[in-house]
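The structure under discussion appears below in the form of structure tokens.
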Ligand code: 3UK
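Residue numbers (our numbering): 213 to 742.
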């Protein structure tokens with residue numbers, strides 16, 4: 213334990229994990245591999261960008277950590293990362309952690325006003341971004357009332373992180389932290405208000421990697437991982453970074469957008485053994501294979517596929533397994549619990565179910581009073597486990613409301629069958645998952661109401677042809693006579709210009725009024741089509 217600061221006893225299920233009292237998670241995830249003889253093993257292959265060995269990784273992590281310190285970042289300071297999937301993402305994330313600084317990976321699809329909110333909310337000391345995102349990051353900082361000291365692109369011709377790293381030392385001793393100390397944050401959105409900072413401790417990535425990565429996926433040093441979900445999502449962060457680093461495996465990174473074609477190209481070129489996708493992408497991949505007979509990508513390297521982010525329709529699961537013969541495991545995770553806590557297993561797949569509790573986690577379904585309900589009855593899904601967030605940043609009310617005696621409300625409605633399989637029945641609030649990514653109906657409604665011709669708007673989720681949820685708009689106009697295709701197109705453009713690109717409504721309905729409660733709150737559930 214002393215060298216690696218952690219020990220795992222796998223004789224028991226779940227494995228028993230013990231931490232040194234000076235635990236810094238960068239040591240077992242990065243430095244350990246040098247002592248275990250993986251210096252020359254490849255850690256990362258970047259599509260179009262070369263390879264990184266475990267030795268180079270450890271050196272660049274040290275340089276990035278030192279560069280942040282040289283730039284004036286102190287222990288506990290937040291550094292926001294608007295960084296594409298790349299080796300630099302790893303360097304910055306782990307370099308910060310090793311130096312006791314808190315990295316905060318952000319969704320790179322957000323718009324300037326979202327970043328302004330997060331910069332102010334986190335009071336970040338630094339913002340580091342891939343050059344691609346300059347056009348959203350720059351105006352965000354300009355508008356922000358809090359000014360970060362350090363604003364740098366990862367690379368480029370002028371001042372940048374890469375240049376700072378060249379001038380920084382390649383040696384860095386891990387700052388002494390503890391297993392329960394703040395380590396990194398992620399932001400998660402809710403129905404109303406801005407996104408909330410989810411604070412995770414040093415031990416949390418160990419827990420998810422061991423319980424789900426090793427326990428469910430059986431990941432080992434021999435695997436090559438490819439995640440269509442990006443590293444800034446908790447799902448992608450585990451899939452393509454913490455799981456492979458925990459066991460000394462290899463990760464393949466696609467810096468660009470994941471489309472059926474780009475994913476198939478990556479799979480054929482780098483031959484991953486585990487592929488992590490989301491339902492919307494599996495549907496698109498199947499469509500591209502089914503509609504074009506000559507499109508038969510070679511997927512034979514893959515031993516296992518996973519799906520998360522939103523429910524995987526049973527029909528999609530069956531079609532994927534029939535077409536490819538590769539097991540596809542649906543599992544549910546949350547940013548707050550960091551990764552998947554209910555999952556199907558290689559030899560236990562039930563179409564339509566989110567699966568069994570992952571050993572190490574417990575799940576229960578409760579009624580409005582917090583009392584467990586009998587099997588088959590629906591209620592609120594609660595989860596207990598060692599990777600739960602410490603707290604929501606500066607939001608004690610939300611923290612108290614969400615966690616009761618170590619059990620966390622997920623916000624999802626579920627039931628459990630007699631075999632212990634959990635089935636998703638939708639959200640307990642009005643939030644939507646579109647392509648696996650959060651979408652607040654209120655945010656889209658507010659955008660629509662900005663338009664001078666719109667009086668009121670309501671957004672609900674509606675299933676498309678693949679049984680996947682997309683936003684549908686119900687709109688009341690100031691002048692009903694304006695309704696028509698021309699205005700619809702105008703509203704569509706208005707939404708696309710001002711919202712993250714997955715959030716625009718796919719259907720528009722012009723209506724006379726919206727269903728409301730006596731207090732004037734829109735009753736979105738009344739608008740949902742069955
Ligand atoms: C929904 C699912 C049904 C559910 C995530 C894997 O999605 C992740 O985290 P987020 O914080 O969203 C959490 C919410 O998404 N959801 C996710 N997976 C499923 N619903 N079936 C599923 N398989 O509403 C949940 O509360 O973005 C996924 C790993 C880590 C994650 N953070």
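Note that beta-carbon positions come from the ideal geometry of N, C-alpha and C, so glycine has one too.
Does the Cβ of residue i lie closer than 7 Å to at least one heavy atom of the ligand 3UK?
i	result
residue 650	yes
residue 522	yes
residue 536	no
residue 494	no
residue 551	yes
residue 446	yes
residue 624	yes
residue 544	yes
residue 547	yes
residue 636	yes
residue 645	yes
residue 439	no
residue 275	no
residue 400	yes
residue 566	yes
residue 250	no
residue 639	yes
For residue i, which residues in the same chain have their Cβ closer than 8 Å to its Cβ, ignoring the five residues on either side in sequence?
i	result
residue 252	265, 266, 267
residue 481	259
residue 282	376, 379, 380
residue 728	734, 735
residue 461	431, 432, 433, 434, 435, 436, 437, 455
residue 718	674, 676, 682, 683, 684
Using C-beta distances below 6 Å, list every residue in its chain close to residue i, excluding the 5 sequence neighbours before and after it, in chain order.
i	result
residue 596	574, 618, 619
residue 279	376, 377, 380
residue 420	450, 550, 551, 599
residue 317	293, 444
residue 241	457
residue 424	551, 552, 570
residue 339	292, 360, 363
residue 388	234
Just to confirm, does residue i get its C-beta within under 7 Å of one of the non-hydrogen atoms of the ligand NAD?
i	result
residue 312	The ligand NAD is not part of this structure, which contains only the ligand 3UK.
Taking the beta strand (DSSP E) that residue i falls in, what are its first and last residues?
i	result
residue 669	666-675
residue 650	649-651
residue 634	634-639
residue 581	Where residue 581 is concerned, there is no enclosing beta strand (DSSP E), given that its DSSP letter is neither H nor E.
residue 645	644-646
residue 230	228-231
residue 315	314-317
residue 221	218-221
Between which two residues does the alpha helix (DSSP H) harbouring residue i extend?
i	result
residue 624	Residue 624 -> not in any alpha helix (DSSP H); beta strand (DSSP E) instead, spanning 619-628.
residue 448	446-449
residue 743	For the chain, the structure presents residues 213 to 742; residue 743 sits outside this window and is missing.
residue 760	Limits of the chain in this structure are 213 at one end and 742 at the other, which puts residue 760 out of reach.
residue 592	Segment 591-596 is the beta strand (DSSP E) holding residue 592; no alpha helix (DSSP H) there.
residue 477	472-482
residue 327	324-334
residue 463	No alpha helix (DSSP H) holds residue 463; the beta strand (DSSP E) holding it covers 462-465.
residue 608	608-614
residue 459	455-459
Note down, in chain order, each residue of its chain lying with its Cβ closer than 7 Å to the Cβ of residue i, except the 5 sequence neighbours on either side.
i	result
residue 383	274
residue 644	651, 653, 673, 681, 683
residue 641	403, 623
residue 337	285, 289, 290, 291, 360, 361, 362
residue 409	333, 334, 397, 399, 604, 605
residue 356	328, 331, 332
residue 391	231, 235, 413, 414, 415
Q: May I have a chain-ordered list of the alpha helix (DSSP H) segments no shorter than 4 residues that lie completely inside the region 412-444?
A: 416-420
Q: Pair every Cβ in the region 414-432 with every Cβ in the region 231-241, then say whether three or more of these pairs are closer than 8 Å.
A: yes
(Q) Would you call the region 334-350 in contact with the region 317-324, where contact means no fewer than 3 C-beta pairs closer than 8 Å? (A) yes
(Q) What ranges does the alpha helix (DSSP H) occupy inside the region 339-397, keeping only unbroken runs of at least 4 residues that lie completely in it? (A) 346-355, 373-379
Q. Would you say the region 523-540 touches the region 599-616, given that touching needs at least three Cβ pairs under 8 Å?
A. no
(Q) I want to know whether the region 704-714 touches the region 650-667 - three or more CB-CB distances under 8 Å. (A) yes
Q) Is it true that the region 222-230 meets the region 239-254, where meeting means three or more beta-carbon pairs spaced less than 8 Å apart? A) no
**Q.** Every unbroken alpha helix (DSSP H) inside the region 233-308 [4 residues or more]
**A.** 244-247, 266-282
(Q) Just to confirm the assignment: which complete alpha helix (DSSP H) runs, minimum length 4, are found wholly within the region 676-720? (A) 697-710
Q.
List, from N- to C-terminal side, the beta strand (DSSP E) runs of 3 residues or more that fit wholly inside the region 506-557.
A. 516-519, 540-545, 552-555
Q. On the three-pair Cβ rule with 8 Å, is the region 462-471 touching the region 479-499?
A. yes
Q) Counting Cβ pairs closer than 8 Å, one from the region 580-591 and one from the region 607-614, do we hit at least three? A) no
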